[in-house]
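K.L.:
One structure, as structure tokens, below. Some questions next.
2 protein chains.
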Amino acid sequence: MGDLPDRSAAFFEWYLAAVDAAELTDKRYPVKGMNVWTPYGFLARRQMDRILVEEIERSGARPVEFPALIPQTEFQKEKEHIKGFDAQVYWVTRGGATELDVPLVLRPTSETAMYPMFALWVRSHQDLPLTVYQIVNTFRYETKTTRPFLRVREIHFFEEHSCQTDAEAASARVDANLASFAAIARRLALPYLALRRPEWDKFPGAFYSVALDIPVGGARTLQIGSVHHYRENFSGPYGIRYEAADGSSRLVHQTTFGLSERLLGAVVAVHGDGRGVAFPSELAPYQVVIVPIPGRNGPDPVPWARTLADRLRARGLRVHMDGREERPGAKYYHWEARGVPLRLEVGGREATQATATAVDRHGNRSVAGPEGLEASVEEALRAFDRRLAERAQTAFREAFAPAASEADLVGSTRVRLFGWCGREACGHAVETAIDGALLGTLVGPPPGEGPAPVACLVCGATEEIRWAAAGRPL
Amino acid sequence: MGDLPDRSAAFFEWYLAAVDAAELTDKRYPVKGMNVWTPYGFLARRQMDRILVEEIERSGARPVEFPALIPQTEFQKEKEHIKGFDAQVYWVTRGGATELDVPLVLRPTSETAMYPMFALWVRSHQDLPLTVYQIVNTFRYETKTTRPFLRVREIHFFEEHSCQTDAEAASARVDANLASFAAIARRLALPYLALRRPEWDKFPGAFYSVALDIPVGGARTLQIGSVHHYRENFSGPYGIRYEAADGSSRLVHQTTFGLSERLLGAVVAVHGDGRGVAFPSELAPYQVVIVPIPGRNGPDPVPWARTLADRLRARGLRVHMDGREERPGAKYYHWEARGVPLRLEVGGREATQATATAVDRHGNRSVAGPEGLEASVEEALRAFDRRLAERAQTAFREAFAPAASEADLVGSTRVRLFGWCGREACGHAVETAIDGALLGTLVGPPPGEGPAPVACLVCGATEEIRWAAAGRPL
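Protein sequences, first through last, are from chains A and B. Every letter in the first sequence is one number past the one before it in numbering that gives the first Met the number 0, and letter 461, counting from 1, is 460. Every letter in the second sequence is one number past the one before it in numbering that gives the first Met the number 0, and letter 321, counting from 1, is 320.
Quick look at the structure:
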């Protein structure tokens, strides 16, 4: 055990080793930053997508899929947006031997694919809200260092787009998206901060952006999603208008909500340890692995192990029976690195008694059965999930510290919380001091206890002071 | 009703009108042949994918996902394959403002993306068979007329790839794929022919190809899938070798199995009628639509309609409650065009009696409840599926006719079945006569009755005569 690099000393080395040990992806594909989803990684992604689909459809969005290729002419209609993406899009310029008349962009995100169609779909206020989402891959010509799930060139992406009657309805959709994300994060046991980004760091084309950030050690943070209010910034250039109840023609107000495979990277980063990945049971490709332990005496445990697997599958659990010719210890190690929440050891005694010895990913042991065997296994999974969430919460709280002065920011090994007056000059002073970014103002209460800030950390102003956070985004 | 073009007189006009009336796709996207999956179309596709995943995973394949972009250097390793695809691939030549050193192909299919990795994954006979699949979009720069689901430039695609120890194991996988397809086709009520394509029409790079064809009126056929045996044609150039049990190093034998959104097009083509699309209940986005019919007297039917919807959903049925302010007749028309298998009409009488009047997509009426209400609805769905399958079988049998001479082929309005000696000259003579294609030799028995052929239709030879089919592929 424990041959992974030290997580706290060398986070990225540990992260890459944990992803490799779990065989979630294969980075040897001959285009750098485009990785292969292995069967095991794909099964985790399938569970992630299932959770997203459930929460998003519950909130009223309907699935669609738009083409991956966007004509240059559509792509360039919104000025800020194109400025934000121009340097990092892939261009399709040729079909067969033919130069295309209009080059096509491989979508880096789908505003410019969807909005020409929204202009056709939206006619009257009765068509609103229009709330659709898609789960597709997007493409970015990354020039920074790529890392599996965290920064890749082909991104497994979730995007919701809505058209609303006015700014207020759009703000309400932003809030609904934040509530959906809270439910998703709860199911993945991922504590996070929702932060309204400062003006200079919002999404290209947005009116305002709320980012979803998690701390990943030291002062480092990882943005795992975002929700944007676009007002009429896109509906203007794309002509998405509706006839209001009073007969007037108005532009829709738009919102978007984006998540990606970074969620999976966040699960690795937050729950992993020296043994490798640890999956919450909602996300685990296999929730239970059964390891039969043949002994010198006693009955063959394999038939009972098979029965056990069938009984648990009948309860809807994802169960893998590891029947390989390997030492049990090697199997334990194998499945711990792959993050399986619960292992059931089945030897001769367990076969005789119709029980199983349950060991969770953190090493907690219990015996399941013979009475209420399935219920005990389910309870062991729930107990594991509770402990996983508690650990994550503890680490989350410890990741933050208040800052009483700019000096506290310098060389900080925590994400810092403080009062901010909202002025850009003060924000940039914070960024210089921490050698990172002003992450924005908190949406919701701060993590941990403590009195609300009364003055700006930089200028000391006492008007309109809000909680802000600063750190070093990955 | 019946404002669609006449199906038998103008098949494509009818097909396009049926797809439009069902709102399965939006063809107005500004890249020709790249269409938008609307919410309703996407829900049908979701069911299609579910069926594919169930059958394919049952047959032992595991999910993966490979990148969409393939370096030119990998793409060009197998000579026949590149010849087959060179004229119809999209090329990515630029990232941001940078010309790429190695241009990238947007996958038209994934052999050349997967096989460099298979060469890393396969080491020993213990790694075999390697059987993986993915459901992704593929891209073809089509120059022919595009039609929704049938011929598009971005294709929703299923592809299984396997590596086997030898030719025999690969043939067995081909057979397993054909068995999986039989199960898929049964669930979609789609009768089909499996045909081993002649040498001159096999997949670029294949040793042999079995195509899955359906008749779609007249002598026209639609290929909805294919299974290929590659032998060592790809493993050679890509160096996919394994150490056999005897220590020798051998090339794997490979197979592939491909399906696409054409399956959905086939469902429209085969089951649709003058009222529009008709979905088998497995594929239907909504299996049951409930239409409340408010009357002048009697209780408000809406509360009962809602209860009914909840009760049916609790049985796992996909139910839509149509609560719009519209005439009931307009709603009937709306959902018939969209292919919903079963409509439940709920008026005051039904609300009082806790029943529902069930009308299936073909107009068959029954009353469900009050006793065994859910079971009656399920039985009405099963009865609809049976009749849908019977109709399709009848039309399938009528689509074929034997040919006793080349003259029978000329201007044929049926797909023709006949004996063929296997010689290319005779095959081409058939193609000239029917002004179409020799579809290949039958895998399995022919549709309908009749004695086995004893002589080649063209040359009269009596050795190695096999059933062959000829028609006009779309």
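Note that CB positions come from ideal geometry on N, CA and C, so glycine has one too.
Would DSSP call Phe84 of chain A helix, strand or coil?
P.N.:
Here the question's residue 84 of chain A lines up with position 85 in the first sequence. Phe84 of chain A falls in the helix class under three-state DSSP.
K.L.:
According to DSSP, which residues form a beta bridge with Val366 of chain A?
P.N.:
Within the first sequence, the letter at position 367 stands for residue 366 of chain A. BP columns for Val366 of chain A point to A:Thr356.
K.L.:
Take the Cβ of Cys458 of chain A as the centre, count every other Cβ of all protein chains shown within 10 Å, and call the residue buried at 16 or more, exposed below.
P.N.:
As a working mapping, residue 458 of chain A is identified with position 459 in the first sequence. Its Cβ having fewer than 16 others within 10 Å, Cys458 of chain A is exposed.
K.L.:
Starting from the Cα of Glu77 of chain A, find the closest Cα among A:Tyr89, A:Ser234, A:Ala20, A:Glu141 and give me that residue.
P.N.:
To locate residue 77 of chain A, count along the first sequence from 1; it is residue 78. The option with the nearest alpha carbon to Glu77 of chain A is A:Ser234.
K.L.:
If distances are taken between C-alpha atoms only, which option among B:His270, B:Arg195, B:Ala391, B:Ser259 comes closest to Arg45 of chain B?
P.N.:
By one-based count along the second sequence, residue 45 of chain B stands at place 46. For Arg45 of chain B, the nearest C-alpha among the options comes from B:Ser259.
K.L.:
Could you pull the DSSP bridge partners for Leu437 of chain A from this structure?
P.N.:
Within the first sequence, residue 437 of chain A is the residue found at index 438, counting from 1. A:Ala469.
K.L.:
Evaluate contact between the region 39 to 53 of chain B and the region 79 to 87 of chain B, counting only Cβ atoms and requiring at least three cross-stretch pairs below 8 Å.
P.N.:
The region 39 to 53 of chain B, when compared against the region 79 to 87 of chain B, does not touch it at the 8 Å Cβ threshold.
K.L.:
Quick check: what's the CA-CA separation for Glu349 of chain A versus Leu380 of chain A?
P.N.:
Here residue 349 of chain A refers to the residue found at position 350 when the first sequence is read from its first residue. Here residue 380 of chain A refers to the residue found at position 381 when the first sequence is read from its first residue. Rounded to whole angstroms, Glu349 of chain A to Leu380 of chain A spans 19 Å at the Cα level.
K.L.:
Assign Tyr229 of chain B to one of three DSSP states: helix, strand, or coil.
P.N.:
Translated into positions along the second sequence, residue 229 of chain B becomes position 230. Tyr229 of chain B falls in the strand class under three-state DSSP.
K.L.:
Please work out which residues of its chain come closer than 6 Å, Cβ to Cβ, to Ser58 of chain B, disregarding the five sequence neighbours upstream and downstream, and give them in chain order.
P.N.:
Translated into the one-based positions of the second sequence, residue 58 of chain B becomes position 59. The answer, listed in chain order, is Ala175, Ser179.
K.L.:
Trp466 of chain B: which of B:Cys420, B:His427, B:Thr431, B:Asp434 sits nearest, CA to CA?
P.N.:
Here residue 466 of chain B corresponds to residue number 467 of the second sequence, with the count starting at 1. Of the listed residues, the one whose Cα sits closest to Trp466 of chain B is B:Cys420.
K.L.:
Measure the alpha-carbon distance for Asp321 of chain A versus Ser365 of chain A and round it to whole angstroms.
P.N.:
The sequence position of residue 321 of chain A within the first sequence is 322, counting from 1. The sequence position of residue 365 of chain A within the first sequence is 366, counting from 1. About 20 Å.
K.L.:
Distance check for Val339 of chain A and Asp309 of chain A, CA to CA, integer angstroms please.
P.N.:
Within the first sequence, residue 309 of chain A is the residue found at index 310, counting from 1. Within the first sequence, residue 339 of chain A is the residue found at index 340, counting from 1. Each residue's Cα considered, the two are about 18 Å apart.
K.L.:
Could you please give me the residues that DSSP links to Ala379 of chain A through a beta bridge?
P.N.:
If you number the first sequence from 1, residue 379 of chain A lands on position 380. Note: Ala379 of chain A sits in no beta bridge, so no partner.
K.L.:
What would DSSP say about Thr130 of chain B, mapped onto helix, strand or coil?
P.N.:
Counting from 1 along the second sequence, the entry for residue 130 of chain B is found at position 131. Correct three-state label for Thr130 of chain B: strand.
K.L.:
Give the DSSP-derived three-state secondary structure of His361 of chain A in the structure shown.
P.N.:
For the purposes of this step, residue 361 of chain A is taken as residue 362 along the first sequence, with counting starting at 1. Here His361 of chain A sits in coil by DSSP.
K.L.:
Just to confirm the assignment, what range does the beta strand (DSSP E) spanning Thr92 of chain B have?
P.N.:
Here residue 92 of chain B corresponds to residue number 93 of the second sequence, with the count starting at 1. Segment 89 to 94, the beta strand (DSSP E) holding Thr92 of chain B.
K.L.:
Mind pulling the beta strand (DSSP E) runs of 3 or more residues that sit fully within the region 44 to 82 of chain A?
P.N.:
The region 44 to 82 of chain A contains these whole beta strand (DSSP E) runs: 68 to 70.
K.L.:
State whether the region 354 to 363 of chain A contacts the region 156 to 163 of chain A, with contact taken as three or more CB pairs (one from each stretch) at a distance under 8 Å.
P.N.:
The region 354 to 363 of chain A, when compared against the region 156 to 163 of chain A, does not touch it at the 8 Å Cβ threshold.
K.L.:
Show which residues of chain A have a CB atom less than 9 Å away from the CB atom of Asp85 of chain B.
P.N.:
Here residue 85 of chain B is taken as the residue at index 86 of the second sequence, counted from 1. Result: Gly95, Ala96.
K.L.:
Any contact between the region 210 to 218 of chain B and the region 402 to 417 of chain B? By contact I mean 3 or more CB pairs, one from each, below 8 Å.
P.N.:
Yes, since at least three Cβ pairs between the region 210 to 218 of chain B and the region 402 to 417 of chain B fall closer than 8 Å, the two stretches touch.
K.L.:
Quick one, which residues of the region 60 to 81 of chain B are near chain A if we go by CB-CB under 9 Å, in chain order?
P.N.:
So the close ones are Arg61, Pro62, Val63, Glu64, Phe65, Pro66, Ala67, Leu68, Ile69, Pro70, Thr72, Glu73.
K.L.:
Could you tell me which of A:Leu149, A:Gln133, A:Leu51, A:His270 sits nearest to Glu64 of chain A, measuring between CA atoms?
P.N.:
Translated into the one-based positions of the first sequence, residue 64 of chain A becomes position 65. Residue A:Gln133 is the option with its Cα nearest to Glu64 of chain A.
K.L.:
What's the C-alpha gap between Glu135 of chain A and Leu68 of chain B?
P.N.:
Numbered from its first residue, the first sequence carries residue 135 of chain A at position 136. Numbered from its first residue, the second sequence carries residue 68 of chain B at position 69. At residue 135 of chain A the sequence reads Val, which differs from the Glu that was named. Rounded to the nearest angstrom, the two C-alpha atoms are 15 Å apart.
K.L.:
Could you check where the beta strand (DSSP E) with Glu12 of chain A kicks off and where it finishes?
P.N.:
The residue you call residue 12 of chain A lines up with position 13 of the first sequence. No beta strand (DSSP E) holds Glu12 of chain A; the alpha helix (DSSP H) holding it covers 10 to 20.
K.L.:
Given a limit of 9 Å on CB to CB distance, which residues of the region 105 to 120 of chain B reach chain A?
P.N.:
From the region 105 to 120 of chain B, only Leu105, Ala112, Met113, Pro115, Met116, Leu119, Trp120 have a Cβ closer than 9 Å to chain A.
K.L.:
By the 10 Å Cβ neighbour count, where 16 or more other Cβ atoms means buried, how is Glu423 of chain B classified, buried or exposed?
P.N.:
Taking the second sequence and counting its residues from 1, one reaches residue 423 of chain B at position 424. Looking at its Cβ environment, which holds fewer than 16 other Cβ atoms inside 10 Å, Glu423 of chain B is exposed.
K.L.:
Tell me, please, whether the CB atom of Asp25 of chain B is closer than 9 Å to any CB atom in chain A?
P.N.:
Counted from its first residue, the second sequence places residue 25 of chain B at position 26. It does: the Cβ of Asp25 of chain B has a partner Cβ on chain A nearer than 9 Å.
K.L.:
Closer than 6 Å by C-beta to Gln71 of chain A: which residues in its own chain qualify, once you throw out the five before and the five after it? Chain order, please.
P.N.:
Your numbering for residue 71 of chain A matches position 72 in the first sequence. Hits under 6 Å: Val101, Pro102.
K.L.:
Over the uninterrupted alpha helix (DSSP H) stretch that includes Leu177 of chain B, give me the two end residues.
P.N.:
Stepping through the second sequence from its first residue, residue 177 of chain B is reached at position 178. First-last of the alpha helix (DSSP H) with Leu177 of chain B: 166 to 186.
K.L.:
What's the call for Met0 of chain A, buried or exposed, on a 16-neighbour Cβ count within 10 Å?
P.N.:
Here residue 0 of chain A corresponds to residue number 1 of the first sequence, with the count starting at 1. Low per-residue confidence applies at Met0 of chain A: pLDDT is 45, beneath 50, and the placement is therefore not dependable, though the value from the model is reported in the following sentence. Under this definition Met0 of chain A is an exposed residue.
K.L.:
Give the secondary structure of Ser248 of chain B by DSSP, where H, G and I count as helix, E and B as strand, and everything else as coil.
P.N.:
By 1-based counting over the second sequence, the position of residue 248 of chain B is 249. Strand at Ser248 of chain B.
K.L.:
Residues of chain A with a CB under 9 Å from the CB of Pro38 of chain B: which are they?
P.N.:
On the second sequence, residue 38 of chain B is found 39 positions in, with the first residue counted as 1. The answer, in chain order, is Arg61, Pro62, Val63, Val131.
K.L.:
Within the same chain, show all residues whose beta-carbon is closer than 7 Å to that of Lys143 of chain A, passing over the 5 residues directly before and after it, in chain order.
P.N.:
The residue labelled residue 143 of chain A in the question sits at position 144 within the first sequence. Hits under 7 Å: Arg150.
K.L.:
Tell me, please, whether the CB atom of Phe256 of chain A is closer than 9 Å to any CB atom in chain B?
P.N.:
Start at 1 with the first residue of the first sequence, and residue 256 of chain A comes out as number 257. Answer no: the Cβ-Cβ gap between Phe256 of chain A and chain B never drops below 9 Å.
K.L.:
Decide if the region 391 to 401 of chain A is in contact with the region 193 to 201 of chain A; the criterion is three or more beta carbon pairs, one per stretch, under 8 Å apart.
P.N.:
Short answer: they don't touch.
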